[in-house]
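K.L.:
Residue numbers (this note's numbering), protein chains in the order written: chain A, 612 to 1304; chain B, 367 to 1047. Dropping a structure here in structure tokens format, bear with me for questions.
Have a look at this one:
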């Protein structure tokens, strides 16, 4: 059906060569921009099943609020109905009765508490008629006093209506806001939660700004799912049918003639839809790129300053901002353009029928209003009121048609947004939780790598069959040149990634059988990058832990050699660190990350370049305390520093993705051409020579 | 078909949770360090608005064009009600049309003259043809033009529509042109102020960077600025068109119903203005407070999200996933609650105003219908007059609402202007800064002390001379002020006391940009752009040739791993360079420093994450390039330090020792010697 219309539309388009603007839009929407269109490059074809699927996907997030939704939808329908009926009666009373002094319908006298002197004669029995005439209220017209009475009644009713309306409007603003904010909140939280568990390889290739855009802008589309995808079209179509019914009741030819005007609207819309979808994708991508760029710029301000990149950054801002703004304009322009065509069609219908209706009124042509309606409203022939009613309906019809087209266009954008939001939720994490996790052992006796192969990308292996065992109470130092895979080895233990081949075992139990939480709860890691979080010193040390006592905090800081400088800070452990801990020197940050590892008091401790930013004395102190403290733990140490390595119980030298040598310092130094020996010699080339003097 | 996968919602936080609803004005949870005030006085509001108004400078032409178009369209609207009066009275109800006997305003009389003497249906025909014509041109009878897309219930998702939806009261060809102009007008104004804010933020002082949150910066640039456009419209178009509407309505009434004593009652409408103003004025400060807090809460949500996303490796390896989700959930719920607080305040104000407005409406309806019932007016008169009443009432109430309507915008605008005004490096630039293009002698640090704004003392009475062609190593225990000392040289920080001179000229007298051009600083944290390795280097020096880039990479020891990367030098790095190991990142950031080829090169712990071989190569090449340059290295590693020409040993912000390695080691009492000996044990 839609294909058919589209074909007609295309022919229509080609034959008339519509306008330069339209083709410009199409060209813009198809312009290729490889990188930015990563996952949703080609807007998926118009498929009803896909829309239904997306709505279905949104339902779980609406479920908790379902009862409220049903409540306000039902209340809304009832209220609209009540207000419509009231409005109809009101307009008849106001225009025909009060203004033009016709007598009332029976129901109307009931509502206004008027006696039968107000009633139209045809509704009276002979006797009553006589009685009314006796009172001096004969004929078909109301008297002046009666008209004022009707007017006063109407004013009182509308006053009540307005008051109720105010209260209801207030409630109707707050209540749905609450409901929809909740729904959006659930989706947002689910998205963030999903992101937290997606593997690091995903995060490395996915820009934070894009995630922010998806969490804010794309997810917000869910608030319109119920009202615009379901209720919107249904009520509009329902309205259309009702209005058509009315018009057909007034006059069948009128109604049928109007039906035909829908054809051009549908044709044009079917043709324009793919373009609108493309423009919508463009818009969302351009804006999320803009967000990404800003986010990245703001985290790299220091580098920009040091390298004098301000002007370049500003140029990029201009470019990205312009692209985002253009894209936002073009999608809207396409919608407005389509709306314009529909408005023309609708407007012509309204104006044309107005002429016809005016003619009928002038001729006092009899209407087709069914006889039972005469009890409620007096529209037997085309008169002023019926003209107003019919004109309003035709105008309404034009509006509904145009709105329906507008709704359709916006829905395209909505679905594109929803799809982008659910993209995260539908991703399968590379590191999967086991179905039935095994409890993490309370005592860890050994940690071993068993022929582990791993590469971040398939064609670039980092580890090629690493086997290594570390036991409780021993310090294992991992040594190797930069980029040899030392940190990678440790991240496999934490299951930040999973190996492509081989196993990592804790007490001969594969780590993939434990839950992610439990592995990370039982492993403490002091990272090379010294990442701190904005917040207090205290919160950073006890990160992700439930309350820890001040004693424990102090003790951990003591071991890490951090207590001294912390106590010198203005507010001690309560001091607010700047953005990402930026107020501390690198050495201080490093000690805090060590304290963070220590306080976790886990059976496995990994120190990744723990002392790179420490001076020799501090390093010495920290390491000896750590060695003491870690006596019954499995400790891994990644470092370049000879003084640190020397004390390890076991040294593993990593080269070309394999452990090339393993043993203690003396053993390895005994190998004349050994890798480790060469490494040590390079380190001491400078200092040894000096000391010899 | 619908399966709710269990991963969808593990963290159960709802907004019914009482803990998220902190007080009306409390600002505890917003984790702002700089902008803490949520109260605005009326005078502050006024000055913010006037500044907002001045933003019109970004789009003067469009502003005038839009104004003209709106005015033109509103003039066409003066005619339409009268066409409908003709239709009602003279076509439908068949009252004969005699120009002298009917009430039409003077501007419609020429048109009326055309109709005089026509039959009812001929009149209708003429009007129908006119309508069709006008429909195409200005969209008469087709309602306005506008294209806002769906949005959410929070500021972030409302921002795009605020900037780009635009609109026109007209339709047709005219309407679509006005729509385009309107969107472009809004976009230019918002983009102008956005760009201004952005350009100020990227020139923030080194010391303010610590206190600004990335999420908050994002929020202000992306979601606060869109509100500023309304400052312009609400203060120009709105009052103008309100008054214009008032004048046209009065004109209509005067020329048509001036003879009716009841028209005088229209003056009652004027009551609307003081009524609405008095009712709403005391409430304005609540709106400002509520809006400020709502936006601060939104920024706090962004902070939480941005921080966790950007540090995912730390979060995951420390097992903070659940905690971070909960933190985000709590903040998100809190910001939604703040948003609803705003709704409550607005609904309340709307109700108060409506209650004040409506009784007058009923009184007018009563008066006018009396006239109709008693036969002094036609039914058509009623319609026209009542419409006029509605118009007048709207106008006066609109004028009364101008101030209150601006409060939301003022609150957002304040947040934008706050950081535009926040002192940054541009303010430190001396207006006639000298430009140096070469250094002949060197840099001297004279008697310098430095304190951070929060009172931490970093340097005390430092005296140091750094000569050309020299490699200086700054050595000392952690936290001794090494980085602060190095920061002085590119003017990242300015001494609180004393001066830093280059060839005898105080740095403060130099043009800062030109001076920075001569310096390069390689930070301890290796911050890379997620772009290709090549463009990471090229961005730092756009003039660098390919050979220079390759040279720099070679010197920094990058080539060995770059060869193994899939796309070599064009490999696109992951988020903040995370696809490389820390040591590799460090080498690239050193290469980036080298490629700038500047007179002064400062390296902060360049070798910390390097293996000894790489370190040796690097240090050798640093010596090599120090020809006609100054190289400053902050280091702990003896192997790096000992090859420096001069060593400055720093402790507690003071220079304790100065000289070359051999000299210092020869001195028994040297603190440096003690430091070295400890290192080698």
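The C-beta atom is built at its ideal place from N, Cα and C for all residues, glycine as well. The model shown is predicted, which means the values in this text are computed figures rather than measured ones.
Rounded to a whole number of angstroms, what is the C-alpha to C-alpha distance between residue 1120/A and residue 1251/A?
P.N.:
Position 509 of the first chain, counted from the first residue, corresponds to residue 1120/A. Position 640 of the first chain, counted from the first residue, corresponds to residue 1251/A. Distance between the alpha carbons of residue 1120/A and residue 1251/A: 31 Å.
K.L.:
Taking 6 Å as the limit between beta carbons, can you name the residues of its chain near residue 651/A, skipping five residues before and five after?
P.N.:
Numbered from 1 along the first chain, position 40 holds the residue referred to as residue 651/A. Only weak support exists for where residue 651/A lies, its pLDDT of 44 falling under 50; the value from the coordinates is given anyway. Answer for residue 651/A: 892, listed in chain order.
K.L.:
If distances are taken between C-alpha atoms only, which option among 956/A, 799/A, 813/A, 895/A comes closest to residue 827/A?
P.N.:
Position 216 of the first chain holds residue 827/A. Nearest C-alpha to residue 827/A: 799/A.
K.L.:
Can you tell me whether residue 806/B is buried or exposed? The criterion is at least 16 other CB atoms within 10 Å of its CB, across all chains shown.
P.N.:
Residue mapping note: residue 806/B aligns to position 440 of the second chain, counting from 1. Exposed is the call here.
K.L.:
Would you call the CB atoms of residue 898/A and residue 824/A closer than 8 Å?
P.N.:
Within the first chain, the letter at position 287 stands for residue 898/A. Within the first chain, the letter at position 213 stands for residue 824/A. Cβ atoms of residue 898/A and residue 824/A: closer than 8 Å.
K.L.:
Between the Cα of residue 1018/B and the Cα atoms of 648/B, 772/B, 845/B, which residue gives the shortest distance?
P.N.:
Residue 1018/B sits at position 652 when you count from the first residue of the second chain. Checking every option, the nearest Cα to that of residue 1018/B belongs to 845/B.
K.L.:
Counting along the chain, where does the beta strand (DSSP E) carrying residue 1020/B start and finish?
P.N.:
The residue labelled residue 1020/B in the question sits at position 654 within the second chain. Residues 1020-1025.
K.L.:
Using a Cβ-Cβ cut-off of 8 Å, state whether residue 702/B counts as contacting chain A.
P.N.:
The residue labelled residue 702/B in the question sits at position 336 within the second chain. By this cut-off, residue 702/B is an interface position.
K.L.:
Residues in the stretch 1116-1145 of chain A with C-beta within 7 Å of chain B's C-beta atoms, listed in sequence order?
P.N.:
Answer in chain order: 1128, 1131, 1132, 1136, 1138, 1139, 1140, 1142, 1144, 1145.
K.L.:
Compare the Cα-Cα distances from residue 970/B to each of 955/B, 964/B, 983/B and report the closest residue.
P.N.:
Residue 970/B sits at position 604 when you count from the first residue of the second chain. Here the closest residue by C-alpha is 955/B.
K.L.:
Closer than 9 Å between beta carbons: that is the criterion. Which residues of the stretch 674-686 of chain A meet it against chain B?
P.N.:
Hits within the stretch, in order: 674, 675.
K.L.:
Quick check on the burial criterion: 16 or more other C-beta atoms within 10 angstroms. Buried or exposed for residue 782/A?
P.N.:
Residue mapping note: residue 782/A aligns to position 171 of the first chain, counting from 1. With fewer than 16 other Cβ atoms within 10 Å, it is exposed.
K.L.:
What are the residues in the stretch 480-508 of chain B lying within 8 Å of chain A by C-beta distance?
P.N.:
Under the 8 Å Cβ criterion, the stretch 480-508 of chain B contributes 486, 487, 490, 491, 494, 497, 498, 501, 502, 505, 506, 507, 508.
K.L.:
CB-CB under 7 Å to residue 1079/A, same chain, minus the five flanking residues each way: which ones, in chain order?
P.N.:
As a working note, residue 1079/A is residue 468 in the first chain. Closer than 7 Å at the Cβ level, and outside the excluded window around residue 1079/A, lie 1059, 1060, 1263, 1270.
K.L.:
Using DSSP with H/G/I as helix, E/B as strand and the rest coil, what is residue 652/A?
P.N.:
In the first chain, the residue the question calls residue 652/A occupies position 41. Model confidence at residue 652/A stands at a pLDDT of 46, short of 50, so the residue's coordinates are unreliable; what they give is reported in the following sentence. Coil.
K.L.:
Apply the 10 Å Cβ neighbour rule to residue 766/B and answer buried if 16 or more other Cβ atoms are within range, or exposed otherwise.
P.N.:
If you number the second chain from 1, residue 766/B lands on position 400. Residue 766/B is buried by the Cβ-count criterion.
K.L.:
If we cut at 8 Å on Cβ distances, does residue 1275/A have a partner in chain B?
P.N.:
Translated into positions along the first chain, residue 1275/A becomes position 664. By this cut-off, residue 1275/A is not an interface position.
K.L.:
Residues of chain B with CB closer than 7 Å to the CB of residue 789/A, please, in chain order.
P.N.:
Here residue 789/A refers to the residue found at position 178 of the first chain. Ordered by position in chain B, the residues that pass the 7 Å Cβ test against residue 789/A are 706.
K.L.:
Can you find a CB in chain A that lies within less than 8 Å of the CB of residue 515/B?
P.N.:
One-based indexing of the second chain puts residue 515/B at position 149. Residue 515/B counts as touching chain A.
K.L.:
If the cut is a Cβ gap below 7 Å, which residues of chain B does residue 816/A touch?
P.N.:
Numbered from 1 along the first chain, position 205 holds the residue referred to as residue 816/A. Those are 940, listed as they occur along chain B.
K.L.:
Can you name the residues of chain B whose CB is closer than 9 Å to the CB of residue 773/A?
P.N.:
Start at 1 with the first residue of the first chain, and residue 773/A comes out as number 162. Those are 720, 724, 727, 728, listed as they occur along chain B.
K.L.:
Residue 681/B touches chain A at which residues, Cβ-Cβ below 7 Å?
P.N.:
Residue mapping note: residue 681/B aligns to position 315 of the second chain, counting from 1. In chain order: 807.
K.L.:
Can you tell me whether residue 990/B is buried or exposed? The criterion is at least 16 other CB atoms within 10 Å of its CB, across all chains shown.
P.N.:
For the purposes of this step, residue 990/B is taken as residue 624 along the second chain, with counting starting at 1. The residue is exposed, with fewer than 16 neighbouring Cβ atoms inside 10 Å.
K.L.:
Compile a chain-ordered list of the residues in the stretch 870-897 of chain A whose CB is closer than 7 Å to at least one CB of chain B.
P.N.:
Within the stretch 870-897 of chain A, no residue qualifies.
K.L.:
Across which residues does DSSP place residue 1072/A in a beta bridge pair?
P.N.:
Translated into positions along the first chain, residue 1072/A becomes position 461. DSSP lists 1066/A as partners of residue 1072/A.
K.L.:
Per the contact definition of three or more C-beta pairs closer than 8 Å, is the stretch 1216-1231 of chain A in contact with the stretch 1179-1194 of chain A?
P.N.:
Verdict: no, contact absent.
K.L.:
Going by DSSP, name the residue or residues bridged to residue 1266/A.
P.N.:
Taking the first residue of the first chain as position 1, residue 1266/A is located at position 655. Partner(s): 1269/A.
K.L.:
Indicate the three-state DSSP secondary structure (helix, strand or coil) for residue 919/A in the structure shown.
P.N.:
Counted from its first residue, the first chain places residue 919/A at position 308. Coil, per DSSP.
K.L.:
Helix, strand or coil for residue 1087/A per DSSP?
P.N.:
Taking the first chain and counting its residues from 1, the one referred to as residue 1087/A is at position 476. Strand at residue 1087/A.
K.L.:
Can you tell me where the alpha helix (DSSP H) with residue 794/B in it begins and where it stops?
P.N.:
Taking the first residue of the second chain as 1, we reach residue 794/B at position 428. Where residue 794/B is concerned, the enclosing alpha helix (DSSP H) stretches over 791-794.
K.L.:
Give me the Cα-Cα distance between residue 795/A and residue 831/A, rounded to the nearest whole angstrom.
P.N.:
Mapped onto the first chain, residue 795/A falls at position 184. Mapped onto the first chain, residue 831/A falls at position 220. If you take the alpha carbons of residue 795/A and residue 831/A, they lie about 6 Å apart.
K.L.:
Using beta carbons (cut-off 8 Å, strictly below), is residue 962/A in contact with chain B?
P.N.:
Counted from its first residue, the first chain places residue 962/A at position 351. Cβ-Cβ to chain B under 8 Å: yes for residue 962/A.
K.L.:
Within the 8 Å Cβ cut-off, does residue 965/A reach chain B?
P.N.:
Start at 1 with the first residue of the first chain, and residue 965/A comes out as number 354. Yes, residue 965/A counts as interfacial toward chain B.
K.L.:
Would you call residue 423/B buried or exposed, if buried means 16 or more other Cβ atoms sit within 10 Å of its Cβ?
P.N.:
Mapped onto the second chain, residue 423/B falls at position 57. Residue 423/B is exposed by the Cβ-count criterion.
K.L.:
Roughly how far, in whole angstroms, is the beta-carbon of residue 963/B from the beta-carbon of residue 907/B, given that I think they are within contact range, below 8 Å?
P.N.:
Stepping through the second chain from its first residue, residue 963/B is reached at position 597. Stepping through the second chain from its first residue, residue 907/B is reached at position 541. Correct: roughly 7 Å between the Cβ atoms.
K.L.:
Tell me whether residue 775/A is buried or exposed, calling it buried when 16 or more other Cβ atoms sit within 10 Å of its Cβ.
P.N.:
Walking along the first chain from the start, residue 775/A turns up at place 164. Exposed, since its Cβ has fewer than 16 Cβ neighbours within 10 Å.
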